[in-house]
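Undergrad: Under our numbering, the first residue of the sequence shown carries the number 13, and numbering increases by one thereafter. For glycine and all other residues, C-beta sits at the position ideal for the given N, C-alpha and C. Please read through the structure below; I'll follow up with questions.
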Amino acid sequence: MNQRNKPYANLALLTDLDGTLLMPDKTVSEQDAAAIADFREKGGIFSIATGRGIQATREFLTLLKPDFASVTYNGALLWDSAADKPLDCGASYLPKGIRALLEELAAAFPHVGAEVLNASGVYVFQDGEYERQHLEITHIPFVMKTLDEVDPEQCFKALFAGAPEEISEMLEFVKQERFAAVNFTRSHRWFLEMLPHNTNKGTALQKIRPTLPADMIIGATGDFDNDIAMLLAADRCGCPADSQPAVIEAVRSRGGFVSEKTCADGFFADWIDYVTASV
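Below you can see the structure in the form of structure tokens.
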């Protein structure tokens, strides 16, 4: 059968990884993997949207073999897996003069770890307990560099890792006007991320849309605050049962699917059942 004649040929699924597709041990369950395989066999296409950089995403690009562009660095870089290179629409970088703001944040929150991410890797410019845990979980080597050694204006994003209460304080701190040249998003209770202006998973989805057939319905899933823009930009949206309250509210505002399952017990298979029944 011609691929475009298959039942799910007009459906593209774009999913967050951590807390949505990946189980707590950072693997894909057999149930979810089987559901994705069946979805693809019936004509659907699949990809991922993550805050992870290429280093931390590559094992999942290899495992999942996305069918269309993947979102990395929370929207700052779109990755063409087939060509193993960035998508032609390019990348977004932190703006000119950003070093001063990074240094200010590091000084104001000395117990919060901080890293910048560029095409070459992940570089820690302020050490911290939560930063080291983050690197260990994502299997990224600890490399300490100063902002003299790595130019933040050539970086896709910065990430701050700390205790939840410190990250909440930092989120309030960056509401000051001088931080308006960049976007901030909380991607975990431990993490606050600094992104280029007007950059998020939602703007990334809008860049992907013209690369797909015009009749393609895009379904998106996520569980944390950094997923909200993508969920609102998609044609269909869903989230696990244990998603952040703001995520559940956003999904419900779009008439989307709030599952009774989590990433630990088959959320993504449940989502596929839901979204394929609605098209």
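(1) Please classify E161 as buried or exposed, where buried requires at least 16 neighbouring CB atoms within 10 angstroms.
(2) Going by beta-carbon coordinates alone, are P208 and Y135 separated by less than 8 Å?
(3) For L129, count neighbouring C-beta atoms within 10 Å of its own C-beta (all shown protein chains included) and say buried if the count is 16 or more, exposed if not.
(4) I'd like to check one pair, L244 with G214: are the Cβ atoms closer than 8 Å?
(5) Would you kindly report the start and end of the unbroken alpha helix (DSSP H) that includes K333?
(6) Do E205 and K157 come within 8 Å of each other at the CB atom, strictly closer than that value?
(7) What do you reckon, are the CB atoms on T62 and L29 nearer than 8 Å?
(8) Going by the beta-carbon positions, is the gap between L159 and E115 smaller than 8 Å?
(9) Using a Cβ-Cβ cutoff of less than 7 Å, which residues in the same chain neighbour R16 once the five nearest sequence positions on both sides are dropped?
(10) Under 8 Å between the Cβ atoms of D92 and A103?
(11) My understanding is that G234 touches T39, with C-beta atoms under 8 Å, so please give their C-beta distance in whole angstroms.
(12) A258 and T274 - do their beta-carbons sit closer together than 8 Å?
(13) For Q256, collect the residues of the same chain with a Cβ closer than 8 Å to its Cβ; drop the 5 residues on either side in sequence, then sort them by chain order.
(14) How many Å lie between I66 and L183 at the Cα?
(15) What is the rounded straight-line gap between the Cα of R52 and the Cα of D96?
(16) M13 to G55, Cα distance in whole Å?
(17) Tell me L129's beta-bridge partners as DSSP assigns them.
(18) I need the boundaries of the beta strand (DSSP E) containing A47, first residue and last residue.
(19) Using the beta-carbon count (16 or more within 10 Å), is T74 buried or exposed?
(20) In three-state terms, what does DSSP make of V162?
(21) May I have the straight-line CA-CA distance separating P107 from D50, to the nearest angstrom?
(22) Please classify I57: does DSSP put it in a helix, a strand, or coil?
(23) Mapping the DSSP letters down to three states, classify R248 as helix, strand or coil.
(24) Report the three-state DSSP secondary structure of T223 (helix, strand or coil).
(25) According to DSSP, simplified to helix, strand and coil, what is M242?
(26) In whole angstroms, what separates the C-alpha of K77 from that of S59?
(27) Beta-carbon within less than 8 Å of F137's beta-carbon, same chain only, minus the 5 sequence neighbours each way: which residues are those?
(28) Would you mind giving the Cβ-Cβ distance between L224 and L26, rounded to the nearest angstrom? I have them listed as a contact below 8 Å.
(29) Go ahead and pull the three-state DSSP assignment for V270.
TA: According to the structure data:
(1) Indexing the sequence shown from 1 puts residue 161 at position 149. Classification of E161: exposed, given that the 10 Å Cβ count is below 16.
(2) In the sequence shown, counting from the first residue as 1, residue 208 sits at position 196. In the sequence shown, counting from the first residue as 1, residue 135 sits at position 123. Cβ atoms of P208 and Y135: not closer than 8 Å.
(3) Taking the first residue of the sequence shown as position 1, residue 129 is located at position 117. Result: buried.
(4) Position 202 of the sequence shown, counted from the start, is the residue given in the question as residue 214. Position 232 of the sequence shown, counted from the start, is the residue given in the question as residue 244. Yes. Within cutoff.
(5) This structure leaves residue 333 out entirely; the chain is present only between 13 and 291.
(6) One-based indexing of the sequence shown puts residue 157 at position 145. One-based indexing of the sequence shown puts residue 205 at position 193. Not closer than 8 Å, so no.
(7) Stepping through the sequence shown from its first residue, residue 62 is reached at position 50. Stepping through the sequence shown from its first residue, residue 29 is reached at position 17. Contact: yes.
(8) The sequence position of residue 159 within the sequence shown is 147, counting from 1. The sequence position of residue 115 within the sequence shown is 103, counting from 1. Cβ distance < 8 Å, so L159 and E115 count as in contact.
(9) Working through the sequence shown from its first residue, we reach residue 16 at position 4. No residues qualify anywhere along the chain.
(10) Numbered from its first residue, the sequence shown carries residue 92 at position 80. Numbered from its first residue, the sequence shown carries residue 103 at position 91. Not closer than 8 Å, so no.
(11) Here residue 234 is taken as the residue at index 222 of the sequence shown, counted from 1. Here residue 39 is taken as the residue at index 27 of the sequence shown, counted from 1. Wrong, their Cβ atoms sit about 19 Å apart, outside the cutoff.
(12) Position 262 of the sequence shown, counting from 1, holds the residue named residue 274. Position 246 of the sequence shown, counting from 1, holds the residue named residue 258. In this structure, A258 does not lie closer than 8 Å to T274 by Cβ.
(13) For this step, residue 256 is matched to residue 244 along the sequence shown. Correct list, in chain order: D235, F236 and D237.
(14) Here residue 66 is taken as the residue at index 54 of the sequence shown, counted from 1. Here residue 183 is taken as the residue at index 171 of the sequence shown, counted from 1. Rounded to the nearest angstrom, the two C-alpha atoms are 25 Å apart.
(15) As a working mapping, residue 52 is identified with position 40 in the sequence shown. As a working mapping, residue 96 is identified with position 84 in the sequence shown. For R52 and D96, the distance between alpha carbons rounds to 21 Å.
(16) If you number the sequence shown from 1, residue 13 lands on position 1. If you number the sequence shown from 1, residue 55 lands on position 43. Note that M13 has pLDDT 46, beneath the 50 cutoff, so the model's placement of it is unreliable and the number below is only indicative. The alpha-carbon atoms of M13 and G55 are separated by roughly 10 Å.
(17) In the sequence shown, the residue the question calls residue 129 occupies position 117. L129 pairs with V134 and K169.
(18) The residue you call residue 47 lines up with position 35 of the sequence shown. For A47, no beta strand (DSSP E) segment is defined; the enclosing uninterrupted segment is the alpha helix (DSSP H) at E42 to E53.
(19) Mapped onto the sequence shown, residue 74 falls at position 62. Flag for T74 reads exposed.
(20) If you number the sequence shown from 1, residue 162 lands on position 150. Here V162 sits in coil by DSSP.
(21) The sequence position of residue 107 within the sequence shown is 95, counting from 1. The sequence position of residue 50 within the sequence shown is 38, counting from 1. Cα-Cα distance, rounded: 43 Å.
(22) Numbered from its first residue, the sequence shown carries residue 57 at position 45. Strand, per DSSP.
(23) Indexing the sequence shown from 1 puts residue 248 at position 236. If DSSP states are grouped into helix, strand and coil, R248 belongs with the strands.
(24) Taking the first residue of the sequence shown as 1, we reach residue 223 at position 211. Correct three-state label for T223: helix.
(25) The residue you call residue 242 lines up with position 230 of the sequence shown. In this structure, DSSP gives M242 a helical state, which the three-state scheme calls helix.
(26) To locate residue 77, count along the sequence shown from 1; it is residue 65. To locate residue 59, count along the sequence shown from 1; it is residue 47. Roughly 8 Å between the two C-alpha positions.
(27) As a first step, residue 137 is located in the sequence shown; it is residue number 125 there, counting from the start. Cβ within range, chain order: L114, A118, A126, E127, V128, M156, K157, T158, L159 and V162.
(28) Indexing the sequence shown from 1 puts residue 224 at position 212. Indexing the sequence shown from 1 puts residue 26 at position 14. L224 to L26, Cβ: 10 Å. No contact.
(29) Taking the first residue of the sequence shown as 1, we reach residue 270 at position 258. In the structure shown, V270 sits in a strand (DSSP, three-state: E or B).
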